[in-house]
Amino acid sequence: MKITFFSAKPYDKQFFDQSNDSFGFQYEYFETHLGPHIVNAVEHADAVCVFVNDKVSREVISVLASRKVRIIALRCAGFNNVDLQAAREYGMRVCRVPAYSPEAVAEYTVAMLLTLIRKTHKAYNRVREQNFSLNGLLGSNIHGRTIGLIGTGKIGKVFCGIMRGFGARVLAYDLVPDPQLQAAGVIYTSLEELLPQSDILSLHCPLTKDNYHLIDKGTLSKMKPGVILINTSRGGLVCTADIIQALKDRQVGALGIDVYEQEENLFFRDLSGSIIDDDQIQRLMSFPNVLITAHQAFFTEEAMSQIAQVTLENIRDLTNGIEPKDSSAILV
Ligand code: NAI
Numbered sequence: 001m002k003i004t005f006f007s008a009k010p011y012d013k014q015f016f017d018q019s020n021d022s023f024g025f026q027y028e029y030f031e032t033h034l035g036p037h038i039v040n041a042v043e044h045a046d047a048v049c050v051f052v053n054d055k056v057s058r059e060v061i062s063v064l065a066s067r068k069v070r071i072i073a074l075r076c077a078g079f080n081n082v083d084l085q086a087a088r089e090y091g092m093r094v095c096r097v098p099a100y101s102p103e104a105v106a107e108y109t110v111a112m113l114l115t116l117i118r119k120t121h122k123a124y125n126r127v128r129e130q131n132f133s134l135n136g137l138l139g140s141n142i143h144g145r146t147i148g149l150i151g152t153g154k155i156g157k158v159f160c161g162i163m164r165g166f167g168a169r170v171l172a173y174d175l176v177p178d179p180q181l182q183a184a185g186v187i188y189t190s191l192e193e194l195l196p197q198s199d200i201l202s203l204h205c206p207l208t209k210d211n212y213h214l215i216d217k218g219t220l221s222k223m224k225p226g227v228i229l230i231n232t233s234r235g236g237l238v239c240t241a242d243i244i245q246a247l248k249d250r251q252v253g254a255l256g257i258d259v260y261e262q263e264e265n266l267f268f269r270d271l272s273g274s275i276i277d278d279d280q281i282q283r284l285m286s287f288p289n290v291l292i293t294a295h296q297a298f299f300t301e302e303a304m305s306q307i308a309q310v311t312l313e314n315i316r317d318l319t320n321g322i323e324p325k326d327s328s329a330i331l332v
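Mapping of the sequence shown onto our numbering: residues 1 to 332, in sequence order.
Structural data, given as structure tokens:
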């Protein structure tokens, strides 16, 4: 049983190698992302294992099918980068890791929020330069503020709990409200009501065809002036051109993003010696009130161990004709 990995970094190899003791799979690692340029290199593999920026298009799936690959295993939760319909038509099975430490992403969202609201990233650099002045470092409390959440699934739910611990008022918008959160004091509203009331807005819904550019000129204009916006979900939820304009207009007071629309050309790589052609990320990086990280919210020891374990269990179960215990792990 052979698995070919794409977008494999040293840390992926570390955790997948460690977890393989009880499975005994044969591995092949490619550092490049999966796409039409490399798919023909897949040989004698039963499964391919992909990550968030691998492009598993119809074209790629047709080649994988012709090479007798039977399983596409995502080592992540989101699956907007896989053409599920094409996978179905080609008789492929597609699985994912539906939940791996939602705490990792929720806690990271809090880290981004605290950094922006208390300017600790600026203080860190300043003190290293022996500048101990506080000018320009004035922050504000989270306590007593209104937090608006879009998406209250596994990650949103943990984030709600943490924000309530801070003493914030939590408003939420989700297609399916969670009665447990309602009972705990989270107030569900429409998006129309949530936007103008929120001092801080955090995105925790998946990217789908229906919510692409959920945050655009129209929704930004309905937000409270000076809103702090955090996106640790998916880049395509936010229209980059519109958020840049909203930052220039001071409509958005601070922006924290761990995900970016065009991240597949940038993230998970060291480009420190390269010229970056993407003018939008350069503009975003030039704002003093924007914090950008390269899709690292999930990146904890706990989450990486779980991802490797569940991905390998999914592949083992599908190979043996057993449906995995968690049915939401199976997409096709
Ligand atoms: P989940 O499936 O448990 O929850 C998603 C929630 O969003 C559900 O309650 C669903 O009803 C709601 N939802 C769906 N479409 C919506 C819409 N248009 N408007 C409002 N709510 C909507 O997912 P989970 O585990 O909480 O993850 C959320 C997202 O976080 C993932 O889809 C993924 O994109 C992102 N993520 C980011 C990571 C990172 O490292 N930055 C790591 C893991 C996940």
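Just so you know, even glycine gets a beta-carbon here, dropped at the ideal spot from N, CA and C.
Is there at least one non-hydrogen atom of the ligand NAI closer than 7 Å to the beta-carbon of ASN53? no
Helix, strand or coil for ARG67, going by three-state DSSP, please let me know. coil
Residue nearest to LEU113 in terms of C-alpha spacing, selected from LEU214, VAL48, LEU255 and VAL332: LEU255
Cβ-heavy atom distance between ARG234 and the ligand NAI below 7 Å? yes
ASP199 to PHE268, Cα distance in whole Å? 31 Å
Nearest by alpha-carbon distance to THR243: which of VAL290, ILE117, GLN197 and LEU271 is it? For the sequence presented, residue 243 should be read as Ile rather than Thr. Comparing Cα positions, the closest option is VAL290.
Looking at the unbroken alpha helix (DSSP H) that takes in PHE267, where does it start and where does it end? Counting along the chain, PHE267 falls outside any alpha helix (DSSP H), and DSSP gives it neither H nor E.
The ligand NAI heavy atom lying under 7 Å from the CB of ASP210: yes
Would a C-beta distance cut-off of 8 Å place GLY151 and CYS205 closer than the cut-off? yes
Measuring only the C-alpha atoms, how far is ASN135 from THR120? 13 Å
Taking only three categories from DSSP, how would you classify VAL127? helix
Which of helix, strand or coil DSSP assigns to ASN314: helix
Any non-hydrogen atom of the ligand NAI within 7 Å of PRO206 CB: yes
In three-state DSSP terms, what is ILE3? strand
Applying the 10 Å Cβ sphere with the 16-neighbour rule, what's the burial state of LYS68? exposed
Starting from SER190, trace the alpha helix (DSSP H) in both directions and tell me its first and last residue. SER190 -> no alpha helix (DSSP H), and no H or E assigned at all.
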